[in-house]
Ligand code: NAD
Ligand code: MG
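Residue numbers (the working numbering): 4 to 393.
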């Protein structure tokens with residue numbers, strides 16, 4: 004049966020990889036809606052190729068440009084935050100591939116769950132901040148949830164789905180990022196350019212920095228906790244610089260199963276879109292003889308404090324993962340704009356976490372409020388620091 008897709012974040016790294024898969028399977032996958040943050044040019048180009056019913060641009064600034072670019076088509080155009088919700092609400096959409104980066108993806112994905120769309124989830128931040136509400140909505144609406152993140156796709160494939168009662172442990176692999184072997188004292192000199200060069204994966208800016216600080220792995224531990232119902236104590240992290248084993252699981256009898264593949268997101272994306280079917284390979288065949296040396300190390304928790312901060316916030320639960328995520332989004336943006344240094348990223352997150360008392364998460368609206376407050380707090384901490392430096 005053909006899948007009718009709303010692709011949230013089509014102009015990003017995951018979005019563009021998804022469109023490569025859609026291009027290969029015109030008889031199985033149909034794009035109904037595309038959305039972007041502000042890259043209206045690429046959005047227009049994609050719309051002309053895939054002819055969706057609807058395109059949404061979160062920013063309202065270039066509405067006129069987008070309309071002009073699509074003037075000779077029947078494609079409907081929406082702008083602003085609500086347009087993202089409209090994209091998932093189109094009548095005949097049955098599948099939503101969530102590839103917006105950060106908290107901005109939360110509202111549309113929650114709406115998609117309420118509308119019982121099948122969810123292919125790349126946007127890990129939504130599950131990190133709203134885990135309990137998110138998973139409750141998934142269950143209540145009997146929605147299929149397919150992970151796109153490569154580690155979680157690996158775990159999902161090893162388990163042949165969610166909710167396997169014999170799961171005893173999850174072992175998430177991590178490339179370790181570009182600074183895994185950096186001497187501790189040199190981490191303070193890491194520049195934006197250095198941090199943006201990931202050794203194995205080609206990804207958007209925010210997740211590339213998250214991979215360098217190891218925050219990405221911390222977020223992935225929280226993501227795994229919610230997706231697979233695993234206790235934090237049963238989730239291990241192993242540094243595996245070659246990124247060939249994407250993660251492993253241990254069953255209750257001690258048997259360990261791993262999923263292997265080249266470091267390329269096209270396979271996990273296709274796997275989520277095709278599940279439970281398996282389609283033709285999107286990449287050249289995997290070959291262990293070409294993979295050669297696979298190595299494994301413990302993470303350097305002391306040198307990459309983001310990992311500990313994330314796991315701690317995950318264990319505390321409540322609003323803390325939301326505060327952590329907001330502070331991280333502010334810190335990463337400030338680092339990318341050369342306002343704070345690499346080692347100030349975890350410092351800013353920790354200071355922000357200290358500024359909040361934990362509380363239960365009752366609703367998405369409450370999370371939106373907490374996210375907003377945490378951002379303001381984190382930004383004020385940057386200002387205070389920079390002021391005291393002069
Ligand atoms: P990206 O920065 O390349 O793309 C992000 C997309 O979201 C773009 O289309 C952008 O226009 C849109 N966007 C940004 N801000 C928005 C806003 N405020 N409102 C609406 N749309 C907005 O990011 P990416 O690397 O493709 O990552 C997307 C998500 O997938 C992230 O949550 C990331 O953690 C996750 N992920 C990415 C990879 C990867 O290989 N890139 C792997 C695993 C998971
Ligand atoms: Mg990942």
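Heads up, the beta-carbon is just placed ideally off N, CA and C, and yes, glycines get one too. Keep in mind it's a predicted model, so treat the numbers as computed, not measured.
Is it right to say residue i is buried, meaning 16 or more other beta carbons lie within 10 angstroms of its own, or is it exposed?
i: residue 379; result: exposed
i: residue 142; result: exposed
i: residue 293; result: exposed
i: residue 300; result: exposed
i: residue 307; result: buried
i: residue 4; result: exposed
i: residue 169; result: exposed
i: residue 366; result: exposed
i: residue 25; result: buried
i: residue 110; result: buried
i: residue 281; result: exposed
i: residue 250; result: buried
i: residue 304; result: exposed
i: residue 108; result: buried
i: residue 105; result: buried
i: residue 164; result: exposed
i: residue 33; result: buried
i: residue 259; result: exposed
Among the options, whose alpha-carbon lies nearest the alpha-carbon of residue i?
i: residue 74; options: 84, 48 and 87; result: 48
i: residue 41; options: 52, 13, 51 and 375; result: 13
i: residue 81; options: 172, 249, 46 and 109; result: 46
i: residue 289; options: 365, 218, 320 and 246; result: 246
i: residue 252; options: 272, 160, 317 and 269; result: 160
i: residue 140; options: 24, 112, 209 and 284; result: 112
i: residue 361; options: 351, 69 and 373; result: 373
i: residue 210; options: 15, 8, 7 and 10; result: 15
i: residue 298; options: 285, 248 and 68; result: 248
i: residue 166; options: 148, 305 and 176; result: 148
i: residue 225; options: 310, 243, 25 and 93; result: 310
i: residue 239; options: 221, 115, 385 and 206; result: 221
i: residue 103; options: 124, 97, 96 and 92; result: 124
i: residue 119; options: 132, 93 and 105; result: 93
i: residue 77; options: 131, 258 and 57; result: 57
i: residue 322; options: 31, 336, 369 and 43; result: 369
i: residue 20; options: 199, 278, 350 and 273; result: 273
i: residue 333; options: 51, 384 and 193; result: 384
i: residue 317; options: 227, 217 and 43; result: 227
i: residue 68; options: 191, 258, 84 and 43; result: 43
i: residue 202; options: 192, 291, 184 and 233; result: 184
i: residue 200; options: 178, 283 and 187; result: 178
i: residue 1; options: 29, 234 and 230; result: Residue 1 cannot be examined here, being either before or after the span of the chain that is shown, 4 to 393.
i: residue 212; options: 340, 54, 363 and 31; result: 340
i: residue 302; options: 336, 176, 261 and 255; result: 176
i: residue 262; options: 117, 174, 313 and 138; result: 174
i: residue 218; options: 97, 343, 53 and 315; result: 315
i: residue 235; options: 194, 195 and 320; result: 320
i: residue 66; options: 55, 386 and 79; result: 79
i: residue 233; options: 208, 162 and 22; result: 162
i: residue 336; options: 208, 254 and 154; result: 208
i: residue 91; options: 70, 71 and 115; result: 115
i: residue 86; options: 38, 71 and 50; result: 38
Assuming residue i contacts residue j (C-beta within less than 8 angstroms), just tell me the rounded distance between them.
i: residue 214; j: residue 180; result: 5 angstroms
i: residue 328; j: residue 128; result: 5 angstroms
i: residue 267; j: residue 223; result: 18 angstroms between Cβ atoms; not a contact.
i: residue 359; j: residue 348; result: Their Cβ separation, rounded to whole angstroms, is 18 angstroms, which puts residue 359 and residue 348 out of contact at 8 angstroms.
i: residue 35; j: residue 8; result: 6 angstroms
i: residue 11; j: residue 101; result: 5 angstroms
i: residue 326; j: residue 355; result: 6 angstroms
i: residue 286; j: residue 276; result: Wrong, their Cβ atoms sit about 15 angstroms apart, outside the cutoff.
i: residue 330; j: residue 351; result: 6 angstroms
i: residue 61; j: residue 83; result: 7 angstroms
i: residue 279; j: residue 131; result: Actually they do not touch by this definition, with Cβ atoms about 26 angstroms apart.
i: residue 122; j: residue 99; result: 6 angstroms
i: residue 172; j: residue 237; result: 5 angstroms
i: residue 345; j: residue 145; result: Contact flag wrong, Cβ pair sits at about 44 angstroms.
i: residue 182; j: residue 195; result: Between residue 195 and residue 182 the Cβ distance is about 13 angstroms, and since that is not below 8 angstroms, they are no contact.
By DSSP's criteria, residue i is part of a beta bridge. Which residues make up the other side?
i: residue 123; result: 100 and 149
i: residue 172; result: 253
i: residue 10; result: 37 and 100
i: residue 259; result: 253
i: residue 239; result: 174
i: residue 80; result: 58
i: residue 300; result: 242
i: residue 32; result: 6
i: residue 24; result: Paired residues: none, contrary to the question.
i: residue 248; result: 263
Beta-carbon distances below 6 angstroms to any heavy atom of the ligand MG define the shell here; list its residues in chain order, please. 152, 153, 154 and 223
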